[in-house]
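**Q** Residue numbers (numbering that gives the first Met the number 0), protein chains in the order written: chain A, 0 to 320; chain B, 0 to 320.
For glycine and all other residues, C-beta sits at the position ideal for the given N, C-alpha and C.
Treat the numbers as computed from the prediction; the structure is a model and nothing was measured.
Have a look at this one before I ask anything.
There are 2 protein chains.
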Amino acid sequence: MTETNIQEKAQAILAGNKRQITRALSIVENEGEGWVELLSTLYPQSGTSYRIGITGPPGAGKSTITQQMIRHYRAAGKRVAVIAIDPTSPFTGGAILGDRIRMQSETLDPGVFIRSMASRGSLGGLSAKAQELADLLAASGYDIIIFETVGVGQSELDIAKAADTTIVVLVPESGDSIQAMKSGLMEIADIFLMNKSDRDGADQAVAALKTILTFKITHDAAQWNPPVIKTVGMSGEGIAKIGEAIREHREHSEQHGMFLARRKKREEERIIEEVEHRLRQRFWTTERKDDLRAQIELVTAYSQSPTGAAMAIIEGVSITE
Amino acid sequence: MTETNIQEKAQAILAGNKRQITRALSIVENEGEGWVELLSTLYPQSGTSYRIGITGPPGAGKSTITQQMIRHYRAAGKRVAVIAIDPTSPFTGGAILGDRIRMQSETLDPGVFIRSMASRGSLGGLSAKAQELADLLAASGYDIIIFETVGVGQSELDIAKAADTTIVVLVPESGDSIQAMKSGLMEIADIFLMNKSDRDGADQAVAALKTILTFKITHDAAQWNPPVIKTVGMSGEGIAKIGEAIREHREHSEQHGMFLARRKKREEERIIEEVEHRLRQRFWTTERKDDLRAQIELVTAYSQSPTGAAMAIIEGVSITE
């Protein structure tokens, strides 16, 4: 793309042209010609949106909650974009595709944009790419950006890095809170939802979760204590309370300087991750990978130490500009 | 060091000369002259020791358990080395120094070697260095190598990568198991100890932990289900059972191919981590760090995108040999 092309594209995106936004998202996702320049042109306009992460175990009802959140924010006149992060596994494709199709109905509304993104499994890589798409959508005027993850593997934790407020969706089933703790969800939640709370055992599950959360409470006024909200995604019960909790979390974060600190930290991490990701990419050529395999064989046979192997690979390497 | 010096040093270490071992450990820890060659010379002899990681929250009694384990293995005629990983924080220095002094009594025994190591906070860096020290101690004839961590931060998780069997020490206090889960200890434990089990509530704590563990049980015969052992570190109660559990875990791992697989995976990870650590070290020169800081300012001011910033730093960089 020429400089003129990029400026034209950027103008169309800033004006909210959905077709151009869709194309630009693909260019960024696939790192097509001019993608870096396009992002840099749009970034100055990306600072006004609020980013919400929705995660939790499979089957907790995240997609339904996302749909209700879209309605909630649309009713308040906000423009909403959703970045749905799907797993690469073809086996779960069916259910998720179904969710996406249900979601399509929202996309007839010009104030709603929904984008699916395959998770690539590479640590950090997903979060970086999702954030680039979010920057683009933010620049094109979406006030609220929702990251929705499938709740499998690393992506659910990465998403907390990308969001201003992270919502963890659980259901009142034995062991769900425990699973959440084991997988690290406990650490990243700013707000908990006990979804499908019209089911038996919802009150006990909320009580159990609150008990667990008391161990986190300190007397530090700057600490945010995650609320637990009972919701029924299907009927929309509790959705307004989520909106309130997000506003409270945002105000608390802004008041204690955490909002800006979190954004700045995120930008730093994004830069460093991206630089080191590309550094590793450039380093691990086919030749060096062959070298690594040969060294692993030597180490396995105890004729080389792991440190010696590493040195043999890195020695003589120089980084120049 | 000349090649002859290295061979001489290596011979003294293989012969178990404690003074030479101490010096060599320092050379490796500080990456003094000839450290890589020394490690490579010794590595072929390092394959016979068994590596045990002991971790858990502060105050759980890890040092006392370690001392009892030393006695247990000494009584069985085994030579035992301990690598105690201390935090860098000067504030906790007192208690840990106390523990170390109590431990000194063991070091009059020629079959026991104790080494403290400051944790450096760098992700992966600690584990790599601790494993190099372990290789050296293994080569010098220690049958059992115990890694003992203070149970703070990342080091406790890193240690699982370095150990053949990982022991997590808890005490019967409300919330201890929950804390363990939250910090990821649940995932790395091969054996749980409920230490100080002469206290009130020990049976309930064991029952609660076992309940949590049932969520992990599958019908896969190759899966190891971590036992929970009640111990009283001070009196030595339950220590023999730890020895049994370690033996069972080892047999189970060997039988299902996990022992070798874990070692091979560890070697691979060590090589890659070390290569990438040095690659990053070489890359982040003072000049590039300045460049990074300047780019962060631009991004914070919204006059550059994070991706654009990363590209500006990495562009034109070439890796040659």
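Whose C-beta lies closer than 8 Å to the C-beta of E30/B among residues of the same chain, with five residues either side of it excluded?
**A** none
**Q** Residues of chain A with a CB under 7 Å from the CB of L38/B: which are they?
**A** Under the 7 Å cutoff, chain A gives S304, T306 and G307.
**Q** Would you report the Cα separation of I64/B and I238/B, rounded to the nearest angstrom?
**A** 8 Å
**Q** Compare the Cα-Cα distances from A244/B to each of S234/B, L259/B and W223/B and report the closest residue.
**A** W223/B
**Q** Alpha carbon to alpha carbon, how far is F214/A from G232/A?
**A** 28 Å
**Q** Ignore the nearest five residues each way along the sequence and tell me which others in A221/A's own chain have a CB closer than 6 Å to its CB.
**A** H255
**Q** Do the CB positions of A309/A and V27/B come within less than 8 Å of each other?
**A** no
**Q** What residues in the stretch 273 to 286 of chain B bring their beta carbon closer than 8 Å to a beta carbon of chain A?
**A** Listed by position, the residues of the stretch 273 to 286 of chain B near chain A (Cβ gap below 8 Å) are E273, V274, E275, R277, L278, R279, R281 and F282.
**Q** In chain B, which residues lie with their C-beta within 7 Å of the C-beta of E267/A?
**A** When 7 Å is used as the limit between beta carbons, E267/A is near these residues of chain B: I295, in chain order.
**Q** Give me the DSSP bridge partner(s) of Y336/A.
**A** Since the first and last residues shown for chain A are 0 and 320, residue 336/A lies out of range.
**Q** Which ranges would you report for the alpha helix (DSSP H) in the stretch 249 to 288 of chain A if only whole runs of at least 4 residues count?
**A** 257 to 282
**Q** When the Cα atoms are used, what is the spatial distance from L192/B to L169/B?
**A** Going by the C-alpha atoms only, they are around 6 Å apart.
**Q** Using a Cβ cut-off of 7 Å, pull out every chain B residue sitting near I313/A, in sequence order please.
**A** Residues of chain B passing the Cβ test: V274, R277 and L278.
**Q** Is D250/B buried or exposed, if buried means 16 or more other CB atoms sit within 10 Å of its CB?
**A** Correcting the residue type first, residue 250/B is Glu in the shown sequence and not Asp. E250/B comes out exposed.
**Q** Do we get a CB-CB distance below 8 Å when we pair M310/A with the residues of chain B?
**A** yes
**Q** Can you list, in chain order, the residues of the stretch 45 to 56 of chain A whose Cβ is nearer than 9 Å to any Cβ on chain B?
**A** S45 and G46
**Q** Output yes or no for whether 8 Å exceeds the beta carbon distance between I270/B and V298/A.
**A** Contact: yes.
**Q** By how many angstroms is the C-alpha of I12/B removed from the C-alpha of I53/A?
**A** Computed Cα separation, rounded: 56 Å.
**Q** Taking Cβ positions only, does I318/A come closer than 8 Å to chain B?
**A** yes
**Q** Considering I190/B, what are the terminal residues of the beta strand (DSSP E) in which it resides?
**A** I190 to M193
**Q** Within the 8 Å Cβ cut-off, does I270/A reach chain B?
**A** Yes, because at least one Cβ of chain B sits closer than 8 Å to the Cβ of I270/A.
**Q** In chain order, what residues of the stretch 224 to 248 of chain B put their CB closer than 9 Å to some CB of chain E?
**A** Absence of chain E from the displayed structure is noted, the protein chains being A and B.
**Q** Considering only the alpha carbon of each residue, which of E7/A, R22/A and I5/A lies closest to L136/A?
**A** R22/A
**Q** State the Cα-Cα distance for the pair R73/B and D199/B, rounded to the nearest angstrom.
**A** 32 Å
**Q** Indicate whether K240/A and F112/A have their beta-carbon atoms separated by less than 8 Å.
**A** no
**Q** Which stretch, first to last residue, makes up the alpha helix (DSSP H) that contains V35/B?
**A** W34 to L41
**Q** Given that E131/B touches chain A, what residues does it touch there, using C-beta distances under 9 Å?
**A** S304, P305 and T306
**Q** At which residues does the beta strand (DSSP E) containing R70/B begin and terminate?
**A** Counting along the chain, R70/B falls outside any beta strand (DSSP E), though it belongs to the alpha helix (DSSP H) covering K61 to A74.
**Q** Would you mind stating whether R246/B and S252/B have Cβ atoms separated by less than 8 Å?
**A** no
**Q** Pick out whichever of E2/B, R292/B, G235/B and R287/B has its Cα sitting closest to the Cα of Q66/B.
**A** With distances taken between Cα atoms, Q66/B lies closest to G235/B.
**Q** What's the gap between the Cα of A201/A and the Cα of P171/A?
**A** Near 5 Å, if we compare the C-alpha coordinates of P171/A and A201/A.
**Q** Measure the beta-carbon distance from A9/B to T40/B and round it to whole angstroms, keeping in mind my assumption that it falls under 8 Å.
**A** About 4 Å; that satisfies the 8 Å criterion.
**Q** Going by Cα to Cα distance, which pick from K128/B, L38/B and K229/B is closest to I190/B?
**A** Among K128/B, L38/B and K229/B, the Cα nearest to that of I190/B is on K229/B.
**Q** Starting from the Cα of S115/A, find the closest Cα among S62/A, R78/A, I143/A and K77/A and give me that residue.
**A** S62/A
**Q** Could you tell me whether the Cβ of P43/A comes closer than 8 Å to any Cβ of chain B?
**A** yes
**Q** Out of curiosity, what's the CA-to-CA distance linking M0/B and S25/B?
**A** 14 Å
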